[in-house]
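Engineer:
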Amino acid sequence: PLMAIRSFADNAVQFLERGKPERAGENLRRISDMTQRMGRIIQNLRAFARQENMPQDRVELCAVLQSALELTRGRREEVGVRVVYRSPNKKIWVRGGEVRLGQVFLNLITNAVDAMEGQPEKLLEIEIIADDAVTVQFRDNGPGIEMPDKVFDPFYTTKQVGETGGMGLGLSISYGIVQSFGGQIKGSNIEGGGAIFSVTLEPALENAVAA
Ligand SMILES: Nc1ncnc2c1ncn2[C@@H]1O[C@H](COP(=O)(O)OP(=O)(O)OP(=O)(O)O)[C@@H](O)[C@H]1O
Ligand SMILES: [Mg+2]
């Protein structure tokens, strides 16, 4: 986005010189959007760099989920997916790394959006169940999983190449990530339609010292 910001800024100067303040304002708005995006990218890179040194970290689940929801907002709104998620009013600490857990949630949300694309009603329900272990459930009302035994296999995909992406790596990478946190990821079909994916993680004490 840096190069884009520079050219939008240069153009804004020209628009102002030519007496077109509305066009200049448009550019400034886009610059603002892009700096937000850069902020997120930098945040991720910093978290990633930090995490490399601390493989067994703990992370606040709701914050990671929230940022995955934000990162997918553009595409969710484009496709018209309604998300039902009530954030618990407390912090939930689990064992894991911020960037990698974010990647897992991102892929589960994207998969649900992909699955529901093109059908009239699109609903994604996300629920956190904090017990002895902490489980996050993603339920969609899409067509369901074609081959539940295959979804975690590398390169298994039912998506057309080049369309919405789809290398068939998302879930196999997610499987490895969740396992490295000592957790579990499962996927199955819901009676009556749709798919449910759940990620179960080990709770981490809020004031525990990272091992
Ligand atoms: N919510 C879902 N509903 C129905 N099918 C699903 C759902 N999530 C995953 N699948 C099936 O599992 C396959 C593998 O998913 P996975 O995330 O590993 O790969 P992908 O989404 O196809 O590609 P990538 O994640 O690499 O971009 C999908 O192609 C799809 O067939
Ligand atoms: Mg995927």
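Going by our numbering, the first residue of the sequence shown is number 1082, and it counts up by one from there. The beta-carbon is built from N, C-alpha and C at its ideal position, and this holds for glycine as well.
(1) Using the C-alpha atoms, what's the distance from Lys-1171 back to Gly-1300?
(2) Quick one: using the 10 Å Cβ neighbour count with 16 as the cut-off for buried, is Ser-1255 buried or exposed?
(3) Name all residues in chain order for which at least one heavy atom of ligand 2 lies closer than 5 angstroms to the residue's CB.
(4) Between Thr-1281 and the rest of its own chain, which residues show a CB-CB distance below 6 angstroms, the 5 nearest in sequence each way excluded?
(5) Can you grab the Cα-Cα spacing for the pair Ile-1122 / Ala-1276, in whole Å?
(6) How should Ala-1291 be labelled, buried or exposed, when 16 other C-beta atoms within 10 angstroms of its C-beta is the threshold for buried?
(7) Contact between the region 1187-1197 and the region 1223-1230 is defined here as three or more beta-carbon pairs at a separation below 8 angstroms; is this criterion met?
(8) Using 8 angstroms as the Cβ pair cut-off and three pairs as the minimum, do the region 1141-1148 and the region 1094-1104 touch?
(9) Less than 7 angstroms separating the Cβ of Ala-1149 from some heavy atom of ligand 1?
(10) With DSSP run on the structure shown, which of helix, strand or coil describes Glu-1133?
(11) Taking only runs of the alpha helix (DSSP H) that begin and end inside the region 1169-1231, which ones reach a length of at least 4 residues, in chain order?
Structural biologist: Taking the geometry as given:
(1) Outside the shown range of the chain, which is 1082 to 1292, sits residue 1300, and nothing can be said about it.
(2) The count along the sequence shown starts at 1 and reaches residue 1255 at position 174. It is buried - the Cβ of Ser-1255 has at least 16 other Cβ atoms within 10 Å.
(3) This selection yields Asn-1188, Asn-1192 and Gly-1251.
(4) Stepping through the sequence shown from its first residue, residue 1281 is reached at position 200. Contacts found: Ala-1214, Thr-1216, Gly-1264 and Gln-1265.
(5) The sequence position of residue 1122 within the sequence shown is 41, counting from 1. The sequence position of residue 1276 within the sequence shown is 195, counting from 1. The straight-line gap separating the alpha-carbon atoms of Ile-1122 and Ala-1276 is approximately 30 angstroms.
(6) Position 210 of the sequence shown holds residue 1291. For Ala-1291, the predicted model reports a pLDDT of 49, less than 50, meaning its position is unreliable; a value from the coordinates is still stated below. Ala-1291 should be labelled exposed.
(7) yes
(8) no
(9) Stepping through the sequence shown from its first residue, residue 1149 is reached at position 68. Ala-1149 Cβ: outside cutoff for every heavy atom of ligand 1.
(10) Translated into the one-based positions of the sequence shown, residue 1133 becomes position 52. Interpretation of Glu-1133 is limited by its pLDDT of 48, a score under 50 that renders its predicted location unreliable; the figure taken from the coordinates is listed afterwards. Note: Glu-1133 maps to helix in three-state DSSP.
(11) 1179-1197
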